[in-house]
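Numbered according to my numbering, the sequence shown terminates at residue 370, and the numbering increases by one at each position without gaps.
Ideal Cβ positions, reconstructed from N, Cα and C, are used throughout, including at glycine.
All remarks here apply to the structure that follows.
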Amino acid sequence: MNGKSSAADFEEAQETIDILYEISKLLNCGVNKKTLAILLSLTANGVNPEAIAAVYKELKRETAALKAAEVSSRNS
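Below you can see the structure in the form of structure tokens.
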């Protein structure tokens with residue numbers, strides 16, 4: 295019975311991720327399913343959602359800056 299419960303829980307979690315992923319695509323969030331699952335896991339484990347959002351935004355900003363610097367250095 296435990297195996298069935300775990301399988302049902304996994305299926306429910308996967309369905310939740312799928313729905314939230316579709317919402318994130320509609321909102322043009324730029325979050326893939328793996329990242330979304332990690333962000334949701336952090337929230338489920340008590341991490342402040344606003345802090346997660348702030349860190350995620352900063353990481354995206356820094357990644358874009360690094361990519362721009364890399365392209366610039368290649369063109370020089």
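8 Å CB neighbourhood of residue i in its chain, flanking five on each side removed
| i | result |
| --- | --- |
| L333 | V325, I346 and Y350 |
| L314 | L330 and L334 |
| S370 | none |
| G340 | none |
Distance between beta carbons of residue j and residue i, contact taken as under 8 Å
| i | j | result |
| --- | --- | --- |
| I317 | K327 | I317 to K327, Cβ: 12 Å. No contact. |
For residue i, the nearest candidate out of the options (CA to CA)
| i | options | result |
| --- | --- | --- |
| A307 | A338, L320 and N322 | A338 |
Neighbourhood of residue i by C-beta, 6 Å cutoff - its chain only, sequence neighbours within 5 removed
| i | result |
| --- | --- |
| E344 | none |
Cut-off 7 Å between Cβ atoms - residues of its own chain near residue i, not counting five sequence neighbours on either side
| i | result |
| --- | --- |
| M295 | At M295 the pLDDT is 47, less than 50, meaning the model places this residue with poor confidence; the figure from the coordinates comes in the next sentence. Result list for M295: empty, nothing under 7 Å. |
4-residue-minimum alpha helix (DSSP H) runs that sit fully inside the stretch 311-357, ordered along the chain
The DSSP assignment places complete alpha helix (DSSP H) segments of no fewer than 4 residues inside the stretch 311-357 at 327-338, in order along the chain.
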